[in-house]
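Participant: According to my numbering, the sequence shown holds residues 299 to 725 in order. The structure that follows is given in the form of structure tokens.
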Amino acid sequence: MLRIVYSLSFRLALPLLLVKLWWSGRKNPGLRADWPQRLGYAPISSEPVIWVHAVSVGETIAAAPLVKALLERHPRSPVLMTAMTMTGTNRARALFGSRVRYAFSPYDTPGSVKRFLNRVRPAALVIMETELWPNMISLAGARGIPIVLVNARLSARSARGYRRINSLVRPLLHNISWIAAQAADDARRFLDIGARPQTVSVTGSIKFDVQISPQLQAAAAELRAQPGFVRPIWIAASTHAGEDQYILAAHRKVLESYPQTLLILVPRHPERFEPVAEEVRARALTCARRSLQESPDGAQVYLADTMGELMLLFGASDIAFIGGSLIERGGHNPLEAAAWGIPIISGPHVFNFATIYDTLAAGHALATVADTGELAQEVLVLLADAGRRAETGANALAVVAANRGALEEVLAGLNQYLPEDSPVAAG
Numbered sequence: 299m300l301r302i303v304y305s306l307s308f309r310l311a312l313p314l315l316l317v318k319l320w321w322s323g324r325k326n327p328g329l330r331a332d333w334p335q336r337l338g339y340a341p342i343s344s345e346p347v348i349w350v351h352a353v354s355v356g357e358t359i360a361a362a363p364l365v366k367a368l369l370e371r372h373p374r375s376p377v378l379m380t381a382m383t384m385t386g387t388n389r390a391r392a393l394f395g396s397r398v399r400y401a402f403s404p405y406d407t408p409g410s411v412k413r414f415l416n417r418v419r420p421a422a423l424v425i426m427e428t429e430l431w432p433n434m435i436s437l438a439g440a441r442g443i444p445i446v447l448v449n450a451r452l453s454a455r456s457a458r459g460y461r462r463i464n465s466l467v468r469p470l471l472h473n474i475s476w477i478a479a480q481a482a483d484d485a486r487r488f489l490d491i492g493a494r495p496q497t498v499s500v501t502g503s504i505k506f507d508v509q510i511s512p513q514l515q516a517a518a519a520e521l522r523a524q525p526g527f528v529r530p531i532w533i534a535a536s537t538h539a540g541e542d543q544y545i546l547a548a549h550r551k552v553l554e555s556y557p558q559t560l561l562i563l564v565p566r567h568p569e570r571f572e573p574v575a576e577e578v579r580a581r582a583l584t585c586a587r588r589s590l591q592e593s594p595d596g597a598q599v600y601l602a603d604t605m606g607e608l609m610l611l612f613g614a615s616d617i618a619f620i621g622g623s624l625i626e627r628g629g630h631n632p633l634e635a636a637a638w639g640i641p642i643i644s645g646p647h648v649f650n651f652a653t654i655y656d657t658l659a660a661g662h663a664l665a666t667v668a669d670t671g672e673l674a675q676e677v678l679v680l681l682a683d684a685g686r687r688a689e690t691g692a693n694a695l696a697v698v699a700a701n702r703g704a705l706e707e708v709l710a711g712l713n714q715y716l717p718e719d720s721p722v723a724a725g
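So, in structure tokens, the structure goes:
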């Protein structure tokens, strides 16, 4: 009954969603060009595909090692990547180019999902993290399509919400072939909301399998040697509205003691690039913008208003603050910074990545701050003490190294759900 109500509500909201999509297309023309895909009109596939769904840019980046392995080890089955956002799709294209097929995920109405399934013919559906779309999962399951949740996580908050609609969620979970949970707590919560015990495993997070190529290391070293970068640098990555003012205020305090320090400010979403630039100017801080190829020489803030360069910028930084955590956004993935061996600072709101942050904290690789004053103080302490900075960064790198291996476990588990003509081989 709840699924019927849900589907009807989604259908009624569909005109508003399409109007919003069209309006957003003023700044992102691709949204208008590809809007029929939202109704299930994806490019027709002449052969079954491995469908990998990653809702947005963060999940797309997390899926990258898995997709790369599928392309290498399962070459006869095309991979289709879907996302709900333009940034997610663009990031996937930047990562894989023509090696992968792309589409926007259909809106979760029965008609849109059925149309999508008819056109793309999935042999398997791999969902990153926890995207429990009722019609997507129910209709794919009804066709016998294996459904796998990879990097599956479920916060206590989300579990409470799902329990309130258990009559909808439990049947969904029974359609899922395998839940590869990040941690034991995630697995337990999936079981609590109705997952079948035989379908739940703890594999760890494939986000720990992040790799930094020699080419990227060289590019970061080259950037760090440029004028304007030869000085103390801290980066505030993936920041959100309501958060930048705290970070900029902290930077002002840092400048009082270390006036040469550069802040690299990286807003999470491209539509915020201009408002953040205005916020920097309003606080009388000098700003250089990467999109305009402006040198940060003499600037106090370097606004990274480009896409797909966060890993490079981490490599050019001494300290990393991970955004979405000073406000109740739930935080973002800190492991890309940790893989560079630099100290990590976060706000207290990291419920979306609780297991990863707990692991970093246990490894003495993380400092948690509550406000502007604490953020400024932690940056100052790390800038003043090169030994502590190096030790904390080494701890971060050690945590990443100690927890690698989930990718191979996931690939091994996927074997039974992928087409038999070209199995994935571990190792």
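Ideal Cβ placement from N, Cα and C applies to all residues, glycine included.
Rounded to the nearest angstrom, what separates L423 and A457 at their Cα positions?
Facilitator: Cα to Cα, the separation comes out at about 23 Å.
Participant: To which residues does DSSP link L664 through a beta bridge?
Facilitator: Bridge partners of L664: I642.
Participant: Give the range of the beta strand (DSSP E) segment to which V424 is assigned.
Facilitator: 420-426 is the span of the beta strand (DSSP E), which, as asked, contains V424.
Participant: Please confirm whether M426 and A352 have their CB atoms less than 8 Å apart.
Facilitator: Yes. Within cutoff.
Participant: With DSSP collapsed to three states, give me the class of H567.
Facilitator: Here H567 sits in coil by DSSP.
Participant: Kindly identify the DSSP beta-bridge partner or partners of F619.
Facilitator: For F619, which the question treats as bridged, DSSP gives the partners A534, I643.
Participant: So, for A723: in the same chain, excluding its five sequence neighbours on each side, which residues have a beta-carbon less than 7 Å away from its beta-carbon?
Facilitator: Because the pLDDT of A723 is 47, which lies under 50, any placement of that residue in the model is unreliable, and the number read from its coordinates should be weighed accordingly. If we look at A723 and ignore the five residues flanking it on each side, its Cβ neighbours are R371.
Participant: Flag this pair as touching only if the segment 691-710 and the segment 653-669 have three or more C-beta atom pairs under 8 Å; answer yes or no.
Facilitator: Segments in contact, yes.
Participant: On the DSSP letters alone, give me the boundaries of the alpha helix (DSSP H) that T271 sits inside.
Facilitator: The structure shown does not extend to residue 271, since the chain is modelled only from 299 to 725, so the question has no answer here.
Participant: DSSP three-state call for W349: helix, strand or coil?
Facilitator: DSSP places W349 in strand when its eight states are reduced to three.
Participant: What did DSSP end up calling M379 once you bin it into helix, strand or coil?
Facilitator: M379: strand per DSSP, three-state reduction.
Participant: Could you please give the first and the last residue of the uninterrupted alpha helix (DSSP H) stretch that includes S503?
Facilitator: No alpha helix (DSSP H) contains S503, which DSSP labels as neither H nor E.
Participant: I'd like the list of long-range same chain contacts for R522, defined as Cβ closer than 6 Å, with 5 residues on each side in sequence excluded.
Facilitator: If we look at R522 and ignore the five residues flanking it on each side, its Cβ neighbours are A614.
Participant: Can you give, in chain order, each stretch of the beta strand (DSSP E) that sits fully within the segment 476-561 and has at least 3 residues?
Facilitator: The segment 476-561 contains these whole beta strand (DSSP E) runs: 476-479, 498-500, 531-537.
Participant: For I545, which residues from the same chain have a beta carbon less than 6 Å from its beta carbon, with the 5 sequence-adjacent residues on both sides left out?
Facilitator: Within the same chain, I545 has close Cβ partners A534.
Participant: Restricting to runs no shorter than 4 residues, where is the alpha helix (DSSP H) found entirely within the segment 572-608?
Facilitator: With a minimum length of 4 residues, no continuous alpha helix (DSSP H) run stays inside the segment 572-608.
Participant: Is the segment 515-531 touching the segment 462-478, taking contact as three or more C-beta pairs under 8 Å?
Facilitator: These segments do not touch.
Participant: May I ask you to list the residues that DSSP assigns as paired with Y400?
Facilitator: In DSSP, Y400 forms a bridge with M379.
Participant: Residues in the same chain with beta-carbon distance under 8 Å from P432, minus the five sequence neighbours each way, listed in chain order, please.
Facilitator: Excluding positions up to five away in sequence, the list reads R301, Y304, S305, D406, L466, L470.
Participant: Starting from the Cα of H549, find the closest Cα among A637, V578, V528, H538 and give me that residue.
Facilitator: It is V578 whose Cα lies nearest to the Cα of H549.
Participant: Rounded to the nearest angstrom, what separates L673 and S644 at their Cα positions?
Facilitator: Roughly 8 Å between the two C-alpha positions.
Participant: How far does the beta strand (DSSP E) with A450 in it reach, from first residue to last?
Facilitator: Looking at the DSSP string, the run of the beta strand (DSSP E) that includes A450 is 445-450.
Participant: Would you kindly work out how many angstroms separate the C-alpha atoms of L611 and E541, rounded to a whole number?
Facilitator: Near 20 Å, if we compare the C-alpha coordinates of E541 and L611.
Participant: Is it buried or exposed, G725, if we count other Cβ atoms within 10 angstroms and call 16 or more buried?
Facilitator: Any reading at G725 needs caution, since the residue's pLDDT is 43, under 50, leaving its predicted position unreliable; the model's value is listed next. Under this definition G725 is an exposed residue.
Participant: Taking 7 Å as the limit between beta carbons, can you name the residues of its chain near Q714, skipping five residues before and five after?
Facilitator: Hits under 7 Å: none found.
Participant: Compare the beta carbon distance of R451 and Q480 with 8 Å and say whether it is the shorter of the two.
Facilitator: For R451 and Q480, yes; Cβs fall inside 8 Å.
Participant: Would you kindly report the start and end of the unbroken alpha helix (DSSP H) that includes W431?
Facilitator: That residue, W431, is in no alpha helix (DSSP H); it is neither H nor E in DSSP.
Participant: Which residue wins for smallest C-alpha separation from L563, given the options S555, A539, D332?
Facilitator: Considering only alpha carbons, the answer is A539.
Participant: How many Å lie between W333 and S375 at the Cα?
Facilitator: Approximately 26 Å between the Cα atoms of the pair.
Participant: Kindly indicate which three-state DSSP category K412 falls into: helix, strand or coil?
Facilitator: Here K412 sits in helix by DSSP.
Participant: From I445 to S322, what does the alpha carbon distance come to, in whole angstroms?
Facilitator: So the two alpha carbons sit approximately 32 Å from each other.
Participant: Taking 7 Å as the limit between beta carbons, can you name the residues of its chain near L315, skipping five residues before and five after?
Facilitator: These residues qualify, in order along the chain: Y405.
Participant: With distances taken from CA atoms, which of E592, G711, L378 is nearest R268?
Facilitator: Summary: the structure shown does not reach residue 268, with the chain confined to residues 299 through 725, and so no result is reported for it.
Participant: For R413, which residues of its own chain have a beta-carbon under 6 Å away from its beta-carbon, when the five flanking residues on both sides are left out?
Facilitator: Excluding sequence neighbours, R413 sits near G338.
Participant: Kindly indicate which residue of H647, I640, M609, E634 has the alpha-carbon position closest to the one of E626.
Facilitator: Comparing Cα positions, the closest option is H647.
Participant: What three-state label does DSSP hand M384 in the structure shown?
Facilitator: Reduced to three states, the DSSP call for M384 is helix.
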